[in-house]
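Engineer:
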Amino acid sequence: MRSLRLLKLAPFILFAVTVAACATPQTTPSAALTTLEPAAGRWFKLDWAAQPDGTDTRRVDGYILNTYGQAAQVQLLAQALDASGQVIDQKIEYTLAPVPGFSRSYFNIGHLAAADHYQVTVWSAYFYQGRRLP
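159 is the number of the first residue of the sequence shown in this note's numbering; add one for each residue after it.
See below:
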């Protein structure tokens, strides 16, 4: 009787074990981990400045220059750092549109905590292969 109950529960147990095994922790940026794409520094150049955005917040405005083919789903990581280099605030934002190949696009990341200094990096990007975007 007991083994029959276990047999009925087996599909649910198998499903739970499979889901748990497939689950991976999300990669979180830090002062040391600033990109998921190590070659991003070769493909993109960033030109930006931090501007006041209220009394206790700043925004980062700038341009991303793409030195490769057309890129979409480009995510930028903006970090507010204290004097010792510790992250006190950070945001990951998508660019407003795909970044054309061998061209630049404007970006704006707002509502960062006021800090000693800031850094902006390309967190991730996807390059189109083959046909161009419409």
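From the three backbone atoms N, C-alpha and C, an ideal C-beta is built for every residue, glycine too.
Following the continuous alpha helix (DSSP H) through Gly-199, name the residue where it begins and the one where it ends.
Structural biologist: Indexing the sequence shown from 1 puts residue 199 at position 41. Run containing Gly-199: 198-201, per the alpha helix (DSSP H) assignment.
Engineer: Could you please give me the residues that DSSP links to Tyr-252 through a beta bridge?
Structural biologist: One-based indexing of the sequence shown puts residue 252 at position 94. Answer by DSSP bridge pairing, in chain order: Gln-233.
Engineer: Counting along the chain, where does the beta strand (DSSP E) carrying Phe-265 start and finish?
Structural biologist: Locating residue 265 in the sequence shown gives position 107, where the first residue counts as 1. It spans 261-271 - the beta strand (DSSP E) in which Phe-265 sits, taken as one unbroken run.
Engineer: Are Gln-248 and Leu-234 touching if we call contact CB-CB under 8 Å?
Structural biologist: Residue mapping note: residue 248 aligns to position 90 of the sequence shown, counting from 1. Residue mapping note: residue 234 aligns to position 76 of the sequence shown, counting from 1. Not in contact: Gln-248 and Leu-234 (Cβ atoms no closer than 8 Å).
Engineer: In whole angstroms, give me the CA-to-CA distance for Pro-256 and Asp-274.
Structural biologist: Counted from its first residue, the sequence shown places residue 256 at position 98. Counted from its first residue, the sequence shown places residue 274 at position 116. Distance between the alpha carbons of Pro-256 and Asp-274 is about 31 Å.
Engineer: Taking the DSSP output, what are the residues bridged to Asp-219?
Structural biologist: Reading the sequence shown from its first residue, position 61 is the one you call residue 219. In DSSP, Asp-219 forms a bridge with Ala-207, Asn-266.
Engineer: For Ala-190 and Tyr-221, I'd like the C-alpha separation in whole angstroms.
Structural biologist: Here residue 190 refers to the residue found at position 32 of the sequence shown. Here residue 221 refers to the residue found at position 63 of the sequence shown. C-alpha separation (whole angstroms): 23 Å.
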